[in-house]
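Novice:
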Amino acid sequence: MKLTLRVWRQRNADAEGAMSTYEVDGISQDMSFLEMLDTLNEELILTGEDPVAFDHDCREGICGACSLVINGDAHGPERTTTCQLHMRSFRDGDTIDIEPWRASAFPVVKDLVVDRSAFDRIIQAGGYITAPTGAAPEAHATPVPKPDADLAFEHAECIGCGACVAACPNGAAMLFTSAKVNHLNVLPQGAPERETRVLDMVGQMDAEGFGGCTLAGECATACPKGIPLFSITSMNKEWLRATRRAAKG
Amino acid sequence: MARTVWDSTVGKKTVMAVSGLVMLLYLVAHMIGNLKIFFGTEEFNHYAHWLRTVGEPFMHYEWTLWLIRVVLVVAVVAHAVSAYQLSRRDIRARPSKYVHRKKRADYATRTMRWGGVILGLFIVWHILDLTTGTVHPGGFESGKPYQNVVDTFSTWYGNAVYIAAVLALGLHIRHGFWSAAQTLGAGSRTRDRALKTTANVLALLLTIGFVAVPVGVMTGVVS
Ligand code: HEM
Ligand code: FES
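For the protein sequence lines, the chains are G and S, in the order given. Mapping the first sequence onto the working numbering, position 118 (from 1) lands on 118, and the numbers just tick up by one. Mapping the second sequence onto the working numbering, position 69 (from 1) lands on 1069, and the numbers just tick up by one.
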């Protein structure tokens, strides 16, 4: 395959960025999107140009490091991560636009790499349980009803990639935060911090400068793990419950 | 608690949902009231008079009406201020647009902000036209709402402004009612179809019910 790539290039956080156009040839349909970018970078290095910076780690769809808005879609045209997107989703001769996640809470570090540490701080605000460390507890010690376990697992699938923020017209982090809140709030292990968790995590989310939810639903469409939009509804319910309880003291 | 709610994006959205639902409830009642115009001058004017005597003898003349007005003003202001503050925050959170742009959310969702602004301007004009009579075309007479309504809808701009606002309202309710359910934590996968259907039915009923009046005047059914 021969492709025309229009890639966002930005020297550093303070520099102005712009789209640059590159031609790549000899791309196989079986390559992943990131392997296609590796091919481009090898050529750039040979010609003495600065390679395109992009995030990646596991390359198997589980770590959440890869990002990229491809032709206006977070993680591209398929419901998967960029690393699991293959070139067979494109056609020979295509022009592909590649941009970083755009949100003021995710500033660009370089080219396609953005700083997602705001997510880490949301987790630090309450995305944990208070439990003694040590050997894994006996699995039957705390019974969890099957529907709750399924619900927790559905939310636990979130890999924190930030596609929801990238896709949201308001740069909101509601889907990420709700996945993390619900994952722990439906489980007995998460019960002791049920109220403080949702209040603190939503508080941190706001403090990081993410936007608010207008229920456009773009986040759930973009999510490579299929976290449902109703996750946000459940978090709203938890937040209202916690606020009422805090008021009662 | 008021502070926690107002300072949070989730809380402010709750204010929008509750104030929006209060206005929606009022609009359903308002629409039913308006339809009395099809039963003649006497019934319509009598209904308008009754609005001022509701609750008597416990309430004095017009007390109930003023109570409703106060609740509505609070709802409109709370709704508009939250909408403004949240929208500003949303725009700041996404300062640079994608070069490769895609339109995705449906029309009702995309027009919530501008539609809301249209509704806000309409509410001001509507009150100046038919409540205070300040911008009313022809001689406004309080106590004669039937004639006042006929006068308004006998002008082309009266019809145009009103119908545009009602269409904006229909769209606003279509996304707004369903949204409010999510904001208040009442939505779920199993209830989604019922909620979306209710939103569409409400939007359609209000649109048809409100538009019926100017159409009635234009076609001479009401004169
Ligand atoms: C003063 C004029 C108005 C303005 C500026 C306004 C603006 C807005 C905005 C910006 C939203 C949020 C949109 C979104 O989430 O995408 C909204 C939601 C809503 N509006 Fe309005 N609106 C106005 C009047 C009304 C009226 C007259 C009603 C009565 C039916 C109404 C009912 C609602 C409801 C139920 C919601 C959903 C709240 C939620 O998402 O939880 N609005 N409005
Ligand atoms: S690189 Fe780990 S999910 Fe894509």
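Every residue gets a Cβ at the ideal spot worked out from N, C-alpha and C, and that includes glycine.
Report the rounded CA-to-CA distance for G:T130 versus G:R245, giving the unit in angstroms.
Specialist: Here residue 130 of chain G refers to the residue found at position 130 when the first sequence is read from its first residue. Here residue 245 of chain G refers to the residue found at position 245 when the first sequence is read from its first residue. Whole-angstrom Cα-Cα distance: 20 Å.
Novice: So the candidates are S:T1155, S:G1187, S:P1145; which of them puts its Cα closest to the Cα of S:L1051?
Specialist: For the purposes of this step, residue 1051 of chain S is identified with residue 51 of the second sequence, where counting begins at 1. Per the Cα distances, S:P1145.
Novice: Excluding the 5 residues flanking S:H1175 on each side, which residues of the same chain have their C-beta closer than 7 Å to its C-beta?
Specialist: If you number the second sequence from 1, residue 1175 of chain S lands on position 175. The residues are A1108, T1109, M1112.
Novice: Closer than 8 Å to a non-hydrogen atom of ligand 2 - does that hold for the CB of G:L34?
Specialist: Looking up residue 34 of chain G in the first sequence gives position 34. Within the cutoff, so yes.
Novice: Rounded to whole angstroms, what is the Cα-Cα separation between G:D73 and G:G211?
Specialist: Numbered from its first residue, the first sequence carries residue 73 of chain G at position 73. Numbered from its first residue, the first sequence carries residue 211 of chain G at position 211. About 19 Å.
Novice: Looking at S:A1083 and S:M1023, is the spacing between their C-beta atoms short of 9 Å?
Specialist: As a working note, residue 1023 of chain S is residue 23 in the second sequence. As a working note, residue 1083 of chain S is residue 83 in the second sequence. No, the pair does not count as a contact, with Cβ atoms beyond the cut-off.
Novice: Determine, for G:D206, whether the minimum Cβ-Cβ distance to residues of chain S falls below 9 Å.
Specialist: The residue you call residue 206 of chain G lines up with position 206 of the first sequence. Closer than 9 Å to some Cβ of chain S, the Cβ of G:D206 qualifies, so yes.
Novice: Verify the contact flag: G:C158, CB atom, against every heavy atom of ligand 2, threshold strictly below 8 Å.
Specialist: As a first step, residue 158 of chain G must be located in the first sequence, where it is residue number 158. False, no ligand heavy atom lies under 8 Å from that Cβ.
Novice: For S:V1010, go through chain G and note every residue whose CB falls closer than 7 Å to its CB, in chain order.
Specialist: Residue numbering aside, residue 1010 of chain S sits at position 10 when the second sequence is read from its first letter. Per Cβ cutoff of 7 Å: V202, N236, W239.
Novice: Where does the unbroken beta strand (DSSP E) through G:M201 begin, and where does it stop?
Specialist: Numbered from its first residue, the first sequence carries residue 201 of chain G at position 201. Counting along the chain, G:M201 falls outside any beta strand (DSSP E), though it belongs to the alpha helix (DSSP H) covering 194 to 207.
Novice: Using a beta-carbon distance cut-off of less than 8 Å, what residues from the segment 155 to 171 of chain G approach chain S?
Specialist: Cβ contacts with chain S: C168, P169, N170, G171.
Novice: So G:P228 contacts chain C; which residues on that side make the cut at Cβ distance below 9 Å?
Specialist: In the structure shown, chain C cannot be found, because the protein chains are G and S.
Novice: Does DSSP classify S:L1167 as helix, strand or coil?
Specialist: Residue numbering aside, residue 1167 of chain S sits at position 167 when the second sequence is read from its first letter. Residue state, collapsed to three classes: helix.
Novice: Entirely within the segment 1075 to 1109 of chain S and at least 3 residues each: give me those beta strand (DSSP E) ranges in chain order.
Specialist: Fully enclosed beta strand (DSSP E) runs of 3 or longer: not present.
Novice: G:R91 CB to nearest chain S CB: under 9 Å?
Specialist: In the first sequence, counting from the first residue as 1, residue 91 of chain G sits at position 91. Answer no: the Cβ-Cβ gap between G:R91 and chain S never drops below 9 Å.
Novice: Taking the alpha-carbon positions, what's the S:Y1162 to S:A1212 distance?
Specialist: On the second sequence, residue 1162 of chain S is found 162 positions in, with the first residue counted as 1. On the second sequence, residue 1212 of chain S is found 212 positions in, with the first residue counted as 1. If I take the Cα positions, the gap works out to 11 Å.
Novice: Does the CB of S:V1117 have a neighbour CB from chain G at under 9 Å?
Specialist: Residue 1117 of chain S sits at position 117 when you count from the first residue of the second sequence. It does not; no Cβ of chain G falls within 9 Å.
Novice: In terms of alpha-carbon separation, which member of G:A179, G:S89, G:E238 lies closest to G:G226?
Specialist: Counting from one through the first sequence, the residue named residue 226 of chain G turns up at place 226. Residue G:A179 is the option with its Cα nearest to G:G226.
Novice: Considering Cα atoms alone, identify which of G:V186, G:G162, G:L184, G:N185 is closest to G:F176.
Specialist: To locate residue 176 of chain G, count along the first sequence from 1; it is residue 176. That would be G:G162, whose Cα lies nearest to the Cα of G:F176.
Novice: For the beta strand (DSSP E) that contains G:D110, what are its first and last residues?
Specialist: Your numbering for residue 110 of chain G matches position 110 in the first sequence. Note on residue identity: the sequence assigns Lys, not Asp, to residue 110 of chain G. Its beta strand (DSSP E) spans residues 108 to 110.
Novice: Does the segment 87 to 107 of chain G come close enough to the segment 58 to 68 of chain G that 3 or more CB-CB pairs lie under 8 Å?
Specialist: At 8 Å Cβ cutoff, the stretches touch.
Novice: If you check the beta carbons only, do G:R9 and G:D111 fall under 9 Å apart?
Specialist: Along the first sequence, read from residue 1 onward, the residue named residue 9 of chain G stands at position 9. Along the first sequence, read from residue 1 onward, the residue named residue 111 of chain G stands at position 111. Closer than 9 Å, so yes.
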